[in-house]
Amino acid sequence: VQNYDIDGVCLDEICYPESGREWGYNPQAVERFNRQFQREGKPLPEDPQWCQWRQEQVTQLVQRLFSTLRSVKPGVDLTVAVDVSGDPPESAEEFMSSGAFYRGLQNWVEWAEAGIVDNICLKNFWRGQPRGTVFVSWTDFALQNKGKAKILMGIAGFLNFTDAILPQMRIASVHGADGLVLFNYRNPTKENPTVFFQTVKATVFSDSYAGIPTSGIPPYEPPTISLEQYTTPTLVELLSVSVETSPTVLAPTPAPFVSPLPFEVVPEPAETPLIPLTEF
1 VQNYDIDGVC LDEICYPESG REWGYNPQAV ERFNRQFQRE GKPLPEDPQW CQWRQEQVTQ
61 LVQRLFSTLR SVKPGVDLTV AVDVSGDPPE SAEEFMSSGA FYRGLQNWVE WAEAGIVDNI
121 CLKNFWRGQP RGTVFVSWTD FALQNKGKAK ILMGIAGFLN FTDAILPQMR IASVHGADGL
181 VLFNYRNPTK ENPTVFFQTV KATVFSDSYA GIPTSGIPPY EPPTISLEQY TTPTLVELLS
241 VSVETSPTVL APTPAPFVSP LPFEVVPEPA ETPLIPLTEF
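For the sequence shown, the UniProt record's numbering assigns the number 1 to the initial residue and increments by one for each residue that follows.
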């Protein structure tokens with residue numbers, strides 16, 4: 001921060017690994033824990049006091065980083081990217097006993113309330129369109145417990161095509177997210193980034209566009225496929241392909257391009273200004 005004119009710092013994975021209760025047993029940590037609580041030996045992974053103590057170490061680190069940034073350059077934002085998975089809690093109290101909390105011992109709800117972070121980026125990652133209410137419920141929970149922080153919705157663009165990314169962005173935007181973050185910069189989508197961002201501009205950030213659903217999508221019902229329509233090639237047939245064709249013929253024939261968007265893009269009215277992407 002002292003050497004570069006940066007606008008912010010983002011901490012990714014500022015937590016214990018996913019199996020959080022099994023980590024943190026370095027001798028110095030155990031010695032400090034035992035000295036503070038006048039205990040002996042090695043605490044069990046699920047020991048409530050041990051879990052609470054480790055969670056507090058992460059919180060203290062975030063607090064120190066926030067204070068240091070403010071002292072060096074007050075205008076620099078501190079963002080933390082947090083993991084969300086499993087069933088969304090209904091309250092801050094329920095969050096403290098949820099699997100999402102215990103997996104990483106990452107109390108981002110407390111950080112937001114205490115004002116020691118500027119932005120909370122939820123890694124609300126989905127492969128495909130969000131189904132049911134989990135995506136929406138995590139979004140709403142974060143917004144209801146944002147404290148003094150802004151909520152940025154992290155979306156796994158690198159896992160998805162446009163038709164799956166747009167509903168996620170639209171849902172988060174309509175529900176009140178303060179910003180949208182696409183993971184990642186190198187692969188914001190599985191498709192052409194230029195075309196993708198043009199589509200985002202005309203849809204997600206368009207008040208007049210109603211082609212993208214803004215609520216959960218019904219649970220997926222797989223189609224019934226009859227195995228009778230498929231035949232298994234014999235070994236002779238497989239060998240004949242490699243013997244009778246040249247390497248240049250073995251490449252699959254490109255399939256015709258089909259737009260992934262199941263809807264028509266409605267032009268933005270001239271009198272309605274678009275929200276600049278730079279605000280997100």
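Yeah, the Cβ is synthetic: ideal placement off N, Cα and C, and Gly gets one too. The structure displayed is predicted, hence computed values, not measured ones.
Relative to the C-alpha of I155, which residue among E31, I165, R21, P88 is closest? Sequence index remark: in the sequence shown, residue 155 carries index 155 (1-based). Of the candidates E31, I165, R21, P88, the residue whose Cα lies closest to the Cα of I155 is I165.
*Put I171 into one of helix, strand or coil per three-state DSSP.*
The residue labelled residue 171 in the question sits at position 171 within the sequence shown. If DSSP states are grouped into helix, strand and coil, I171 belongs with the helices.
Item checked: Cβ pair C121, V30 closer than 7 Å -> Locating residue 121 in the sequence shown gives position 121, counting from the first residue. Locating residue 30 in the sequence shown gives position 30, counting from the first residue. In this structure, V30 does not lie closer than 7 Å to C121 by Cβ.
Counting along the chain, where does the beta strand (DSSP E) carrying K150 start and finish?
Taking the sequence shown and counting its residues from 1, the one referred to as residue 150 is at position 150. Taken as a continuous stretch (DSSP letters only), the beta strand (DSSP E) holding K150 covers 150-155.
Problem - Contacts around T46, its chain only, beta-carbon distance under 7 Å, and the 5 residues preceding and following it disregarded - result: Locating residue 46 in the sequence shown gives position 46, where the first residue counts as 1. A small fix is needed here, since residue 46 is Glu in this sequence, not Thr. For E46, where only same-chain residues beyond five positions count, the Cβ hits under 7 Å are R21.
(request) Go to C15, then tell me how far its alpha helix (DSSP H) extends in each direction, as first and last residue. (result) Here residue 15 refers to the residue found at position 15 of the sequence shown. That residue, C15, is in no alpha helix (DSSP H); it is neither H nor E in DSSP.
Buried or exposed, going by whether 16 or more other CB atoms sit within 10 Å of the CB of V1?
As a working mapping, residue 1 is identified with position 1 in the sequence shown. Taking all protein chains in view, the Cβ of V1 is surrounded by fewer than 16 other Cβ atoms within 10 Å, so the residue is classified as exposed.
Subject >> Bounding residues of the beta strand (DSSP E) (the contiguous stretch that carries L182) >> reply: Taking the sequence shown and counting its residues from 1, one reaches residue 182 at position 182. 179-182 is the extent of the beta strand (DSSP E) around L182.
Q | Rounded C-alpha distance that separates residue 368 from E40 | A | Only positions 1 to 280 of the chain appear in this structure, which leaves residue 368 out of reach.
Note to self: With three or more C-beta pairs closer than 8 Å as the rule, is the segment 61-77 touching the segment 136-143?
What the structure shows: In the pairwise beta carbon analysis, the segment 136-143 is classified as not touching the segment 61-77: fewer than three pairs are separated by under 8 Å.
Could you check how far apart the C-beta atoms of G157 and F183 are, in whole angstroms? I think they sit under 8 Å.
Stepping through the sequence shown from its first residue, residue 157 is reached at position 157. Stepping through the sequence shown from its first residue, residue 183 is reached at position 183. Between F183 and G157 the Cβ distance is about 6 Å, and since that is below 8 Å, they are a contact.
### Query
Expressed to the nearest angstrom, what Euclidean distance is found between the alpha-carbon atoms of V195 and T133?
Locating residue 195 in the sequence shown gives position 195, where the first residue counts as 1. Locating residue 133 in the sequence shown gives position 133, where the first residue counts as 1. Cα to Cα, the separation comes out at about 29 Å.
Quick check: the Cα distance between residue 310 and L105, rounded to an integer number of angstroms? Nothing can be reported for residue 310, as the shown portion of the chain is limited to 1 through 280.
* Asked: Do V109 and N160 have their C-beta atoms closer together than 7 Å?
  -> On the sequence shown, residue 109 is found 109 positions in, with the first residue counted as 1. On the sequence shown, residue 160 is found 160 positions in, with the first residue counted as 1. Contact flag unset, no.
**Message:** If you reduce the DSSP assignment to three classes, tell me which class V204 lands in.
**Reply:** Against the sequence shown, residue 204 aligns to sequence position 204. Under the three-state reduction of DSSP output, V204 falls in the coil class, being neither helix nor strand.
Whole-angstrom distance between F125 and G86, CA atom to CA atom: Numbered from 1 along the sequence shown, position 86 holds the residue referred to as residue 86. Numbered from 1 along the sequence shown, position 125 holds the residue referred to as residue 125. Those two C-alpha atoms are separated by around 11 Å.
Worksheet item: Which runs of the beta strand (DSSP E) fall wholly inside the segment 35-116 and span at least 3 residues, in chain order?
Response: Secondary structure in the segment 35-116: the beta strand (DSSP E) runs of 3 residues or longer, each lying completely within the stretch, are 77-83 in chain order.
Endpoints, alpha helix (DSSP H) assigned at L143: Your numbering for residue 143 matches position 143 in the sequence shown. That run of the alpha helix (DSSP H) goes 134-144.
Handout entry: Nearest neighbour of A202, chosen from G176, A100, F37, R170 [CA to CA]
Key = Within the sequence shown, numbered from 1, the residue matching residue 202 stands at position 202. Measuring from the Cα of A202, the nearest candidate turns out to be R170.
Could you give the distance in angstroms between the alpha-carbon of G176 and the alpha-carbon of I151?
For the purposes of this step, residue 176 is taken as the residue at position 176 of the sequence shown. For the purposes of this step, residue 151 is taken as the residue at position 151 of the sequence shown. Each residue's alpha carbon lies about 9 Å from the other.
Tell me the DSSP secondary structure of R131 in three-state form. Position 131 of the sequence shown, counted from the first residue, corresponds to residue 131. Taken through DSSP and simplified to helix, strand or coil, R131 comes out as strand.
inquiry  = Could you check whether N107 and Q55 sit closer than 7 Å to each other, using their CB atoms as the reference points?
reply    = Taking the sequence shown and counting its residues from 1, one reaches residue 55 at position 55. Taking the sequence shown and counting its residues from 1, one reaches residue 107 at position 107. Taking 7 Å as the cut-off, the Cβ atoms of Q55 and N107 count as close.
Checklist entry - Just the Cα atoms here: how many angstroms apart are residue 334 and V82? => result In this structure the chain extends from 1 to 280, so residue 334 is not present and cannot be described.
* Asked: In this structure, does DSSP put V30 in helix, strand or coil?
  -> One-based indexing of the sequence shown puts residue 30 at position 30. Under the three-state reduction of DSSP, V30 is assigned to helix.
* Asked: Which term fits V84, buried or exposed, when burial requires 16 or more other beta carbons within 10 angstroms of its beta carbon?
  -> The sequence position of residue 84 within the sequence shown is 84, counting from 1. When all chains shown are included, V84 counts as buried.
Q. Rounded to a whole number of angstroms, what is the C-alpha to C-alpha distance between Y230 and E18?
A. Within the sequence shown, residue 230 is the residue found at index 230, counting from 1. Within the sequence shown, residue 18 is the residue found at index 18, counting from 1. For Y230, the predicted structure reports a pLDDT of 35, less than 50, and the residue's modelled location is therefore unreliable. The matter cannot be settled from this model.
P130 and Q168 closer than 7 Å at C-beta: Along the sequence shown, one-based indexing puts residue 130 at 130. Along the sequence shown, one-based indexing puts residue 168 at 168. Contact check for P130 against Q168 passes: the beta carbons are separated by less than 7 Å.
Checklist entry - Looking only at C-alpha atoms, which of K42, G128, G147, K148 sits nearest to T189? => result To locate residue 189, count along the sequence shown from 1; it is residue 189. Checking every option, the nearest Cα to that of T189 belongs to G128.
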